[in-house]
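First to last, the protein sequences are chains X and W. Quick note: the first sequence uses full-length UniProt numbering, first residue 1, plus one each step. Quick note: the second sequence uses full-length UniProt numbering, first residue 1, plus one each step. Glycine included, each C-beta is placed from N, C-alpha and C at the ideal position. In this text, all values refer to a predicted model and were calculated from it rather than measured experimentally. A short write-up of the structure that comes next.
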Amino acid sequence: MQRSTTAHGLPDTFSPRPRAAERVPAASGRLVLGLLLASLFCAPLKLWAAGEYGYPIPGAYEATILGTPGNLKPELPTKMRVRNLVLDIFPDRERPPIFFYDDGLRCTFAYQKKPAPLVFLIAGTGASDRATVQITMLKALYQAGFHVITLPSPTNANFVISGSRTRIPGDLYQDSEDLYRAMEVAWNKVKGDIEVTSFNLGGYSLGGTEAAFVARLDRERKVFNFKKVLLIDPAVSVFHSAARIEELLGQIPGGSGKLGAFFNRMLYKFSEFYNYGNFVGIDNNFLYAVYQEKIFSPDEAAGLIGLTFRINLAGMIFASDVMTNSGYVVPKNKVLKVGDSLFDYLMVSSHLSFFDYFNEYFFPYYQESHPGVTREQVISYFDLRSIEGYLKSSPQFGVMANDNDFILTAEDRDYLKGIFGERAKFYPRGGHLGNLEYKENLAYMVDFFK
Amino acid sequence: MRNLRITCCAILTVCVLATLTACAGSGAHTRSELPPRHSIAELKDEPFAVVHDPWESFNRHMYKFDYYFDKYLFLPAVRGYEFVTPVFLQDRISNFYNNIAEVRNFTNSAFQLKGKDSVKTLGRFVTNSTIGLGGLFDPASKLGLERNYQDFGKTLGYWGVDSGPYLVLPIFGPSSVRDTGGLLVDSGITYGIYTLVDPFRGADNEFAVTAGIETLNAVDTRHQQSFRYYESGFPFEYYLVRFIYHEKREIESGKAGKDQSGPQ
Numbered sequence: 001m002q003r004s005t006t007a008h009g010l011p012d013t014f015s016p017r018p019r020a021a022e023r024v025p026a027a028s029g030r031l032v033l034g035l036l037l038a039s040l041f042c043a044p045l046k047l048w049a050a051g052e053y054g055y056p057i058p059g060a061y062e063a064t065i066l067g068t069p070g071n072l073k074p075e076l077p078t079k080m081r082v083r084n085l086v087l088d089i090f091p092d093r094e095r096p097p098i099f100f101y102d103d104g105l106r107c108t109f110a111y112q113k114k115p116a117p118l119v120f121l122i123a124g125t126g127a128s129d130r131a132t133v134q135i136t137m138l139k140a141l142y143q144a145g146f147h148v149i150t151l152p153s154p155t156n157a158n159f160v161i162s163g164s165r166t167r168i169p170g171d172l173y174q175d176s177e178d179l180y181r182a183m184e185v186a187w188n189k190v191k192g193d194i195e196v197t198s199f200n201l202g203g204y205s206l207g208g209t210e211a212a213f214v215a216r217l218d219r220e221r222k223v224f225n226f227k228k229v230l231l232i233d234p235a236v237s238v239f240h241s242a243a244r245i246e247e248l249l250g251q252i253p254g255g256s257g258k259l260g261a262f263f264n265r266m267l268y269k270f271s272e273f274y275n276y277g278n279f280v281g282i283d284n285n286f287l288y289a290v291y292q293e294k295i296f297s298p299d300e301a302a303g304l305i306g307l308t309f310r311i312n313l314a315g316m317i318f319a320s321d322v323m324t325n326s327g328y329v330v331p332k333n334k335v336l337k338v339g340d341s342l343f344d345y346l347m348v349s350s351h352l353s354f355f356d357y358f359n360e361y362f363f364p365y366y367q368e369s370h371p372g373v374t375r376e377q378v379i380s381y382f383d384l385r386s387i388e389g390y391l392k393s394s395p396q397f398g399v400m401a402n403d404n405d406f407i408l409t410a411e412d413r414d415y416l417k418g419i420f421g422e423r424a425k426f427y428p429r430g431g432h433l434g435n436l437e438y439k440e441n442l443a444y445m446v447d448f449f450k
Numbered sequence: 001m002r003n004l005r006i007t008c009c010a011i012l013t014v015c016v017l018a019t020l021t022a023c024a025g026s027g028a029h030t031r032s033e034l035p036p037r038h039s040i041a042e043l044k045d046e047p048f049a050v051v052h053d054p055w056e057s058f059n060r061h062m063y064k065f066d067y068y069f070d071k072y073l074f075l076p077a078v079r080g081y082e083f084v085t086p087v088f089l090q091d092r093i094s095n096f097y098n099n100i101a102e103v104r105n106f107t108n109s110a111f112q113l114k115g116k117d118s119v120k121t122l123g124r125f126v127t128n129s130t131i132g133l134g135g136l137f138d139p140a141s142k143l144g145l146e147r148n149y150q151d152f153g154k155t156l157g158y159w160g161v162d163s164g165p166y167l168v169l170p171i172f173g174p175s176s177v178r179d180t181g182g183l184l185v186d187s188g189i190t191y192g193i194y195t196l197v198d199p200f201r202g203a204d205n206e207f208a209v210t211a212g213i214e215t216l217n218a219v220d221t222r223h224q225q226s227f228r229y230y231e232s233g234f235p236f237e238y239y240l241v242r243f244i245y246h247e248k249r250e251i252e253s254g255k256a257g258k259d260q261s262g263p264q
């Protein structure tokens with residue numbers, strides 16, 4: 001393949017360079033479907049005039065899947081003072097044999113030798129403390145002289161098992177309490193080793209929405225007195241944003257009930273393309289070719305995003321079901337062992353929609369502790385609008401989001417702009433989180449916390 | 001007296017009963033299982049990410065073993081190495097071992113009768129061994145001679161050998177029956193060449209030097225891999241890893257995407 005660099009610099013070193021992971025493939029970070037999802041493209045690249053925003057991928061779905069080309073990311077440190085924290089938040093909690101590896105809530109902690117501000121970062125749906133974007137943000141902030149602690153999302157299985165009091169994620173208020181408790185435990189663990197000049201908070205996607213609720217809790221409890229709080233690509237209404245992601249699956253033939261067949265068809269397409277070309281491996285050049293040749297249509301790209309969401313959701317549903325012995329997808333009273341196959345549970349859980357989880361599992365549980373509450377009321381609680389008064393009156397907030405993010409409606413965007421005014425920074429493109437690792441976006445984030 | 005006997009019997013009975021109920025109470029598995037609300041029977045869809053894995057139970061236990069091996073032995077060694085070695089030196093060491101691995105890439109490109117790739121790989125090896133100061137630097141990549149990873153498992157795949165069942169190996173991790181065989185052959189060839197060339201002939205501690213070089217090779221290999229077992233926290237991580245490993249191998253050896261099992 002021709003090794004060329006276009007005017008706006010789309011590189012031959014496209015996407016993060018995989019380390020020499022031939023024998024053991026990487027499966028961490030955003031839970032992508034590895035092969036399929038790293039490699040979609042549907043619309044031709046445009047050139048952006050000098051002085052304009054330089055993130056190059058115009059389509060919302062493509063940006064979401066591809067992220068930021070390698071040479072448009074900033075230089076980040078390769079060596080840091082960093083520690084993995086394992087927090088024993090509920091010392092008496094028993095874990096079933098299949099979760100033997102889960103010995104506490106995992107956080108990643110990067111620290112300076114001199115006094116510095118500390119930033120807590122909350123991950124998005126399903127993601128861990130070491131998700132790719134979490135680590136990128138951690139590095140960018142560390143480089144600028146901050147202490148950083150990254151936390152998993154309350155929807156990540158590790159959080160369900162070791163960080164959630166109820167083990168049933170979805171209640172924005174309860175999840176925020178859990179996050180706040182985790183932050184306190186993490187802070188107690190490290191406060192003897194570092195000097196902190198101020199506390200700050202950030203979160204992306206669902207983690208952005210949660211950051212607002214955590215900050216509100218902090219106003220009452222006053223442990224941290226957050227100086228700055230940044231919401232990155234947040235959902236305004238958690239329920240409606242999840243519904244919009246579910247809609248993406250509606251575009252695949254047969255609907256979401258046929259997502260397995262869809263997956264297999266996309267994989268076949270991907271493999272077939274490899275066979276027609278003369279490629280040396282599934283590497284940057286190959287992925288760039290997939291991108292250039294428009295192998296997947298916009299509907300298919302949308303379907304793959306929906307599918308990734310479902311696979312994340314499946315992990316959360318399964319972990320919660322096992323931890324509460326609810327008998328939702330795993331037989332009640334069944335004790336799963338290390339060698340047991342979980343394949344059927346993966347199939348069943350990934351075919352459950354966010355609505356199934358909400359209506360059949362979450363809402364009945366929620367009603368037990370909140371008698372008389374209606375479904376509509378619950379949906380309206382889990383919405384930034386429900387804490388509007390607080391958000392309006394708090395100057396420490398900022399928003400970083402994109403005009404073409406499909407988890408928000410035009411109304412949501414206007415709402416955020418109306419509430420936060422100049423403190424809401426909207427970029428013209430980037431989809432959902434696609435431009436988060438772009439150098440200009442990271443610089444904006446770092447500047448915000450300064 | 002009779003009262004005493006009755007009392008003794010009663011105490012004994014209580015003890016036996018208590019032991020039995022304690023047994024029952026200590027293991028939740030003795031409670032009867034109830035069918036879940038949603039089960040596989042209700043799906044009307046193809047399963048996805050399917051890989052032939054008849055030894056799943058064994059594999060899952062091995063996956064667990066690899067996790068502990070990493071946790072208590074391998075990763076502490078890697079962290080120690082990364083701590084004491086400057087990044088610049090780490091990269092030179094990685095390049096050095098990657099250059100030696102070009103021998104494997106070359107032999108297998110040749111086994112697949114890929115003339116152009118073989119010449120490229122040979123060119124890489126010669127360039128990096130000379131201009132690249134014995135493989136410490138990688139000027140070949142800048143000259144457009146990209147690294148072309150090959151191994152005997154891929155060669156077998158190229159000639160139509162089926163991957164066989166998925167297999168998680170101790171320490172090496174995800175593999176298949178075919179790729180395990182390939183690994184043995186590659187190791188044999190490397191060992192053969194090594195014996196032939198015998199670079200440390202006559203050194204005082206030949207064995208110790210060789211062992212040291214092999215250990216550093218293992219540490220460097222792990223250092224170059226960012227994968228950590230169970231790090232994703234995703235309860236189905238095993239299937240994700242299995243799928244990605246298997247499919248990447250199948251696609252790269254040209255076996256996927258052109259058989260009859262594709263969608264109609």
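- Query: From which residue to which residue does the alpha helix (DSSP H) around arginine 244 of chain X run?
  - Reply: 238 to 249
- Would you identify the three-state DSSP class for tyrosine 415 of chain X, choosing helix, strand or coil? helix
- Task: Pick out whichever of X:Val373, X:Asp356, X:Gly70 and X:Val82 has its Cα sitting closest to the Cα of aspartate 193 of chain X.
- Result: X:Val82
- Would you say alanine 443 of chain X reaches chain W, if we count a Cβ-Cβ gap shorter than 8 Å as a contact? no
- Of the residues X:Phe263, X:Asp102 and X:Asn312, the one placed nearest alanine 301 of chain X, counting alpha carbons only: X:Phe263
- Query: Three or more beta-carbon pairs under 8 Å between the segment 123 to 130 of chain X and the segment 351 to 360 of chain X, yes or no?
  - Reply: no
- Range of the contiguous alpha helix (DSSP H) that encloses methionine 80 of chain X: Careful: methionine 80 of chain X lies outside any alpha helix (DSSP H) and carries neither H nor E.
- Task: List the residues of chain W whose Cβ lies closer than 7 Å to the Cβ of glycine 257 of chain X, in chain order.
- Result: Lys44 and Asp45
- C-beta atoms of glutamine 134 of chain X and threonine 150 of chain X nearer than 8 Å: yes
- Task: Could you check which residue in X:Tyr345, X:Leu384 and X:Ser394 has the C-alpha nearest to that of glutamate 210 of chain X?
- Result: X:Leu384
- Message: Output needed for valine 338 of chain X: all residues of its chain with C-beta closer than 7 Å, excluding positions within five of it in sequence on either side, in chain order.
- Response: Pro97, Ile98 and Phe100
- Residue closest to alanine 186 of chain X, alpha-carbon to alpha-carbon, out of X:Val86, X:Tyr438 and X:Phe397: X:Val86
- Query: In three-state DSSP terms, what is lysine 248 of chain W?
  - Reply: helix
- I think leucine 72 of chain X touches tyrosine 438 of chain X, with their Cβ atoms under 8 Å apart; what is that distance to the nearest whole Å? 6 Å
- Grab the span of the beta strand (DSSP E) containing glycine 202 of chain X for me, first residue to last. 196 to 204
- Query: Could one say the Cβ of arginine 23 of chain X lies closer than 8 Å to chain W's Cβ atoms, at least one of them?
  - Reply: At arginine 23 of chain X the pLDDT is 33, less than 50, meaning the model places this residue with poor confidence; the figure from the coordinates comes in the next sentence. Interface residue, yes.
- Query: In this structure, does DSSP put aspartate 383 of chain X in helix, strand or coil?
  - Reply: strand
- Message: With H, G and I counted as helix, E and B as strand and the rest as coil, what does DSSP make of threonine 85 of chain W?
- Response: coil
- Item | DSSP-derived helix/strand/coil call for asparagine 402 of chain X | strand
- Message: Going by beta-carbon coordinates alone, are arginine 104 of chain W and aspartate 179 of chain W separated by less than 8 Å?
- Response: no
- Identified DSSP bridge partners for serine 349 of chain X: According to DSSP, which records beta bridges pairwise, serine 349 of chain X is partnered with nothing at all.
- Query: Is the beta carbon of leucine 391 of chain X sitting closer than 8 Å to the one on alanine 212 of chain X?
  - Reply: yes
- Task: Taking a Cβ distance cut-off of 9 Å, strictly less, list which residues of the segment 240 to 273 of chain X are near chain W, in chain order.
- Result: Gly254, Gly257, Lys258, Leu259, Gly260, Ala261, Phe262, Phe263, Asn264, Arg265, Leu267, Tyr268, Lys269, Phe270, Ser271, Glu272 and Phe273
- Query: With 16 as the cutoff for other CB atoms within 10 Å, does asparagine 148 of chain W come out buried or exposed?
  - Reply: buried
- beta strand (DSSP E) segment containing isoleucine 122 of chain X, residue limits: 116 to 122
- Task: Note down the Cα distance separating aspartate 175 of chain X from histidine 370 of chain X, rounded to an integer number of angstroms.
- Result: 16 Å
- Message: List, in chain order, every chain X residue whose beta-carbon is nearer than 8 Å to that of histidine 52 of chain W.
- Response: Under the 8 Å cutoff, chain X gives no residues; its nearest Cβ is about 12 Å from histidine 52 of chain W.
- Under the three-state DSSP convention, the category arginine 30 of chain X falls into: With a pLDDT of only 35 at arginine 30 of chain X, under the threshold of 50, the placement of this residue in the model should not be trusted, and no figure is reported.
- Identity of the residue in X:Ile379, X:Val378, X:Asn225 and X:Leu436 nearest valine 119 of chain X by Cα: X:Asn225
- Message: Rounding to the nearest angstrom, what Cα-Cα distance links proline 76 of chain W and threonine 78 of chain X in this structure?
- Response: 18 Å
- Message: List, in chain order, every chain W residue whose beta-carbon is nearer than 9 Å to that of glutamate 156 of chain X.
- Response: It should be pointed out that residue 156 of chain X corresponds to asparagine in this sequence rather than to glutamate. Here the neighbours are Ser232, Gly233 and Phe234.
- Task: Would you verify that the beta carbon of leucine 433 of chain X is, or is not, closer than 8 Å to some beta carbon of chain W?
- Result: no
- Item | Reduced DSSP secondary structure (H/G/I, E/B, other) of glycine 173 of chain W | strand
- Message: Is there a Cβ of chain X sitting closer than 8 Å to that of tyrosine 239 of chain W, yes or no?
- Response: yes
- Task: Check whether the Cβ atoms of proline 331 of chain X and glutamate 56 of chain W sit closer than 8 Å, and answer yes or no.
- Result: no
- Message: Buried or exposed, going by whether 16 or more other CB atoms sit within 10 Å of the CB of leucine 105 of chain X?
- Response: buried
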